[in-house]
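There are 2 protein chains.
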Amino acid sequence: MSPKTKARVLEYVAQVNFKPNFQASYLRTQKTKLVGVILPDINHDFFNKILKGIITAAETQDYNVLVLCSNESFEKEVEQIHDLLQRKVDGIFLSIAKNTYRYEHLEAIKAANVPLVLFDRIAKVVNSIRVAIDDQQAAFMATEHLIQQGCKNIAHFRGDLIPQMSIDRFLGYKRALEHYGLPFHKEWTFICAENSIENGKMNAEILLKSAPEIDGLFTITDLAAVGAISYFKEQGRRIPKDIAVIGFSNWAIAPLVTPTLSSVEQNGYLMGLKVVELFFKALEKSNENEEPPIYESAIIPSQLIIRDSSLRIKN
Amino acid sequence: MSPKTKARVLEYVAQVNFKPNFQASYLRTQKTKLVGVILPDINHDFFNKILKGIITAAETQDYNVLVLCSNESFEKEVEQIHDLLQRKVDGIFLSIAKNTYRYEHLEAIKAANVPLVLFDRIAKVVNSIRVAIDDQQAAFMATEHLIQQGCKNIAHFRGDLIPQMSIDRFLGYKRALEHYGLPFHKEWTFICAENSIENGKMNAEILLKSAPEIDGLFTITDLAAVGAISYFKEQGRRIPKDIAVIGFSNWAIAPLVTPTLSSVEQNGYLMGLKVVELFFKALEKSNENEEPPIYESAIIPSQLIIRDSSLRIKN
DNA sequence: CTGAAAGCGCTTACAG
DNA sequence: CTGAAAGCGCTTACAG
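These protein sequences, in sequence, are chains D and U.
Numbering-wise (my numbering), the first sequence opens with residue -9 and increments by one.
Numbering-wise (my numbering), the second sequence opens with residue -9 and increments by one.
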């Protein structure tokens, strides 16, 4: 091909704006430039921030993101994993559903040699790339804060029994009580089966009737805290003077409710960026074909956001 | 092939759980079973509900959804449309960015013979499938409600000048004033350039200083309403007695703020389902190859949610 | 260095 | 009705 011809061809390519067809190039390269994300919930502040981080970071490398929603259903999660494998995505990012306790579907991902990144809702028994916050430590901080505000009888609304994050936040709460020499009453821990205001309200009612001496509450979600506060107020308890409350996740509603809600901020956007970063690293390494693979993990820092619902001592 | 062999083959197929490779079958069928969605914003209650509807409906037909975010940028939107076309998605669902006022990129979609569904943020000049609410009518209802609550001097915080929805809500407001014989003061209409509480606060300050006689406010978003209310309260105005306020979109925060915020509920989930439904219809029709194509549209009903911020007359 | 050919995993049109 | 072959749009290994 003469340089002249070459120039003409290149010019033509630019002119018609030729772009290779990803679908076709897959057959040779075995790369789809697609990643799949499975979220347990879509109408969810925190997962949305993560999603935004994932989409933003993926785009920088010409990756597109398939978004699926398991609706907190284990069966759906399994099905969707297999759909994504069939799609031949280059990576799968998963936050596991609340009632997922078996992990064959995750092993299938590994068997297919597809990088798996677990985020936020991770499974400790599955070896994989992980991005999460240190829930235990964050819950410790939140409980410690209530103690420092003078609370002596601190209750906890936890999540379901299975999810690791729910266990860890509970353990952080318990550890803080022990650390500061406060008694742990197991009947002051309630389960919020679903993430809703109503659930928080309901638990608050049972709690207050059985243990009126409560003066502090740490809840696994902000919605539960909002529900609890609304019940406490109905019952004439002053927040934070009679009962100090702190939630978790720092949802958009936290600064808007009355009193404004203290919470633990998790940087979801950063978490999303990190998920993609570790995925790209794994992709590179997969070329080197190390055996056994080494899975990187990342802990995203979380921080206390103190607002009116727990602030008794002002300076 | 003997029936026996056939049975054995089918058995084997079931046994190894054979699934065709979508990527490869595309080459022949020219169908990717992928649709692309471009949202102007991801951390956004309403768009999230739409997204959930889209993902849910698409899944029932084995379609997967690529989610992109234009971040309200026209340039990004153009780029992402071309990415999706390169991906050979079977359909594109778009809610256009605030500052989009040229539509060559949408014409490119049509030229590529890819069904386009515009939702929520539609462009009236582009002929395509559309799913939206009747913004003008909804804004009329909201303003009418304030009038019925006895407001005489009603201000409006509108959106940017370009988006159709922003224009329509403004027109609905204006039409209601006219219909009920109230004067329209153009200096009582303010632009909320961004969807934030701060913006609402800021506009409320200017408004109250220039027109202290204001006794009603209709805002284009709930966040703007929340901001305005907080400023009014700081200034000692009682809500709704001195100033009645109604927002738009009925975000999750609306029932949680104090006073609870009246708003216009838009059923985002239903809108998402409808987007996919009209897309599937268009797919079927495209086989019939009608010329010129007829674009179906759907109007999703919206409804007033009256809460404390505007309710003066209780019965 | 260049260019033609093979092959990725399917589907479909066609020959037998 | 069955089965072999062609072809979708790329990339890559290879022959010239």
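Cβ atoms here follow ideal geometry from the backbone N, Cα and C, with glycine treated the same way.
A quick note: this is a predicted structure, and the numbers were derived from the prediction, not measured.
- Under the DSSP assignment, U:R77 falls in the alpha helix (DSSP H) whose first and last residues are 64 to 77.
- Exclusion of the five residues before and after U:Y93 leaves A113, V115, V116 as the residues of its chain whose Cβ lies within less than 8 Å of its Cβ.
- Across the structure, D:K275 and D:V107 are spaced so that their CA atoms are roughly 14 Å apart.
- Scanning U:D124, U:H175, U:Q138 for the CA closest to the CA of U:S156 turns up U:D124.
- Across the segment 41 to 61 of chain D, CB contacts with chain U closer than 9 Å involve L41, K42, I45, T46, E49, D52, N54, V55, L56, V57, L58, C59, N61, in sequence order along the chain.
- Runs of the alpha helix (DSSP H) lying entirely within the segment 156 to 209 of chain D, each at least 4 residues long, are 187 to 200 in chain order.
- Using a 10 angstroms sphere on the CB of D:T90, the tally of other CB atoms reaches 16 or more, which defines it as buried.
- In this structure U:V265 does not touch U:F36 by the C-beta definition: roughly 13 Å separates them, more than the 8 Å allowed.
- Per the coordinates, the alpha-carbon of D:L74 lies some 49 Å from the alpha-carbon of D:A201.
- Taking the C-beta atoms as reference points, D:V57 is found nearer than 8 Å to U:V55.
- Residue U:A48 holds the alpha-carbon nearest to the alpha-carbon of U:K271 among U:A48, U:R302, U:N193.
- Between D:S220 and D:K199 the beta-carbon gap is near 16 Å, outside 8 Å, which marks them as no contact.
- Under DSSP, U:C59 takes part in a beta bridge, and its partners are U:L29.
- For the segment 5 to 34 of chain U, the beta-carbon criterion of a distance under 7 Å to any beta-carbon of chain D is satisfied by K9, N11, F12, Q13, A14, Y16, L17, T22, I32, N33.
- Judged by beta-carbon spacing, U:V235 lies within the 8 Å limit of U:I229, meaning their Cβ atoms are closer than that value.
- Residue-level contact by beta carbon fails for U:R228 and chain D, as no gap is shorter than 8 Å.
- The C-alpha of D:F8 is placed about 39 Å away from the C-alpha of D:I284.
- Cβ proximity to chain D below 7 Å picks out V216 from the segment 203 to 221 of chain U.
- Counting only the Cα atoms, U:A166 lies some 55 Å from U:L17.
- The beta carbons of U:H135 and U:L294 sit closer together than 8 Å.
- For U:Q76, the residues of chain D that pass the 9 Å Cβ criterion are K9, P10, N11, F12, in the order they occur in the chain.
- Apart from the 5 residues on each side of it in sequence, U:E255 sits with its Cβ closer than 7 Å to the Cβ of N240, S292, Q293, I295 in its chain, given in chain order.
- In the DSSP annotation of this structure, the continuous segment of the beta strand (DSSP E) that includes D:A234 starts and ends at 234 to 236.
- Annotation: D:I82 is outside any alpha helix (DSSP H); the continuous beta strand (DSSP E) that includes it extends over 81 to 84.
- Distances from the alpha-carbon of D:R297 to those of D:I290, D:P249, D:L268 put D:P249 closest.
- Residue state for D:L246 is assigned as coil, using DSSP reduced to three classes.
- Neighbours of D:K39 across chain U, judged by C-beta separation under 7 Å: N33.
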